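>
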Amino acid sequence: MERVIFDCDNTFGLPEKDIDDGLTILYLLGSSAVNLMGLTLTYGNAELAEVAKGTQTFISTFDVTLPVYLGAKNGQNRRSDASRFLAEEVAKYPQEMTIIATGALTNLLGAVEYYPDFFQKVKRIILMGGILAPLVVNGHGVKELNFSCDPEATAAVLLSAAPLVIMTGHLTAQAYFPRALIESLVSGGIPQNQWLRQVMDQWCDWNLEHLGMDGFCNWDMTTAIYLEKPELFSDESVWLSSQQDTTTGLMRLTSGPKLGKQVTMPERLLDVQGFNALMMTTIQQILKK
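So the sequence shown is numbered by this note's numbering: it starts at 32 and just counts up by one.
(1) Rounded to the nearest angstrom, what separates Asn-138 and Tyr-74 at their Cα positions?
(2) Between Lys-385 and Ser-218, what straight-line distance do the alpha-carbon atoms span, to the nearest angstrom?
(3) Let's test the definition: count the other Cβ atoms within 10 Å of the Cβ of Pro-261 and tell me whether it reaches 16, buried, or not, exposed.
(4) Under a Cβ-count criterion, where at least 16 other Cβ atoms within 10 Å of its own Cβ denotes burial, should Ser-62 be classed as buried or exposed?
(5) Sorted by chain position, which residues of the same chain lie with C-beta nearer than 7 Å to Thr-129's C-beta, five sequence neighbours on each side aside?
(6) Compute the distance between the beta-carbons of Ile-314 and Leu-54, then report whether it is under 8 Å.
(7) Let's test the definition: count the other Cβ atoms within 10 Å of the Cβ of Ala-164 and tell me whether it reaches 16, buried, or not, exposed.
(8) Could you give the DSSP three-state label for Pro-46: helix, strand or coil?
(9) Report whether the distance from the Cβ of Lys-174 to the nearest heavy atom of the ligand NAD is below 7 Å.
(10) Tell me the rounded alpha-carbon separation between Val-99 and Cys-235.
(11) Count the other CB atoms within 10 Å of the CB of Asp-40; is the residue buried (16 or more) or exposed (fewer)?
(12) So what does DSSP say about Val-95, is it helix, strand or coil?
(13) Measuring only the C-alpha atoms, how far is Ser-268 from Leu-67?
(14) Determine the burial state of Gln-293: buried for a count of at least 16 other Cβ atoms within 10 Å of its Cβ, exposed for fewer.
(15) Using alpha carbons as the reference points, say which of Ala-192, Thr-185, Ser-265 lies closest to Thr-133.
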């Protein structure tokens with residue numbers, strides 16, 4: 032099983048906030064291929080206090096027994112319980128720990144302050160964030176919300192020694208989950224399932240009003256499913272320029288090894304139907320318990 036720490040800005044259940052982090056937590060808990068070691072909380076979808084509140088409600092509702100560590104609230108002081116946990120776990124399991132990061136990357140750079148070899152000893156880091164051009168979803172411009180939160184930390188992670196997989200906004204926008212599938216995912220009348228259905232429906236309502244689509248982009252889920260089924264994605268790599276300014280989330284590419292770092296960056300989700308089917312089957316393992 033893959034040892035994983037999920038560094039996320041979970042806002043599942045909060046009004047008009049994205050739900051993909053929460054769904055990803057359920058997926059990681061349900062996956063037979065993953066040993067989820069803990070959650071470290073960061074900001075991005077919302078401020079850290081809101082993320083902490085939403086996550087506490089989430090894990091209580093689903094009766095999840097999982098270590099949860101609070102991260103730094105901004106990039107001014109990156110030391111935190113979350114960054115210490117990241118550092119300690121990577122030091123304990125060198126070359127065995129995968130970090131999935133789907134919010135601001137503050138905690139990852141903070142881990143280096145506790146363990147300078149953090150990037151050298153992590154197995155790999157799978158990121159959701161960044162764009163290569165303006166991001167348009169169903170004809171609407173969408174701002175990048177992860178890499179742009181703490182540009183200094185983002186640049187440090189992108190150019191670090193850690194092996195990277197980057198699921199960009201352009202790739203993750205292809206992971207479309209239609210409202211029509213909610214009933215197939217959630218069945219039964221137990222309170223946690225009813226809450227899950229309600230929150231997913233409300234998020235579809237928001238997307239219909241603001242983006243004109245009766246469903247949602249399952250942005251963060253791509254990181255977890257890539258970990259288990261990389262064959263669902265195309266296999267591309269790029270060279271990141273050694274000069275990165277991600278204040279808008281826009282990454283700079285270059286032409287070769289003398290000028291930057293090579294990272295895995297899939298361009299296409301090859302099987303959206305298979306992606307959604309795997310997500311639902313895996314999450315249902317948790318909902319049935």
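Using N, Cα and C, we set each Cβ at its ideal position, and we do this for glycine too.
Computed from a predicted model, the values in this text were never measured in an experiment.
Concretely, from the data shown:
(1) Here residue 138 is taken as the residue at index 107 of the sequence shown, counted from 1. Here residue 74 is taken as the residue at index 43 of the sequence shown, counted from 1. Between the C-alpha atoms of Asn-138 and Tyr-74 there is a straight-line separation of about 10 Å.
(2) The shown model of the chain, from 32 to 320, leaves out residue 385, and the question about it has no answer.
(3) The residue given as residue 261 occupies position 230 in the sequence shown. Flag for Pro-261 reads exposed.
(4) Here residue 62 is taken as the residue at index 31 of the sequence shown, counted from 1. Buried, by the Cβ-count rule.
(5) Stepping through the sequence shown from its first residue, residue 129 is reached at position 98. Glu-33, Arg-34, Val-35, Lys-154, Arg-155, Ile-157, Leu-258.
(6) Position 283 of the sequence shown, counting from 1, holds the residue named residue 314. Position 23 of the sequence shown, counting from 1, holds the residue named residue 54. Yes, Cβ-Cβ distance for Ile-314 and Leu-54 is below 8 Å.
(7) Counting from 1 along the sequence shown, the entry for residue 164 is found at position 133. The residue in question, Ala-164, is exposed, as its Cβ has fewer than 16 Cβ neighbours within 10 Å.
(8) Your numbering for residue 46 matches position 15 in the sequence shown. Of the three classes helix, strand and coil, the one that applies to Pro-46 here is coil, per DSSP.
(9) The model on display carries no ligand, and the ligand NAD is accordingly not part of it.
(10) Here residue 99 refers to the residue found at position 68 of the sequence shown. Here residue 235 refers to the residue found at position 204 of the sequence shown. Straight-line spacing of the CA atoms in Val-99 and Cys-235 works out to 28 Å.
(11) The residue you call residue 40 lines up with position 9 of the sequence shown. Label assigned to Asp-40: buried.
(12) For the purposes of this step, residue 95 is identified with residue 64 of the sequence shown, where counting begins at 1. Here Val-95 sits in coil by DSSP.
(13) As a working note, residue 268 is residue 237 in the sequence shown. As a working note, residue 67 is residue 36 in the sequence shown. One C-alpha to the other measures close to 27 Å.
(14) The sequence position of residue 293 within the sequence shown is 262, counting from 1. Around the beta carbon of Gln-293, fewer than 16 other beta carbons lie within 10 angstroms, which makes this residue exposed.
(15) Here residue 133 is taken as the residue at index 102 of the sequence shown, counted from 1. Checking every option, the nearest Cα to that of Thr-133 belongs to Thr-185.
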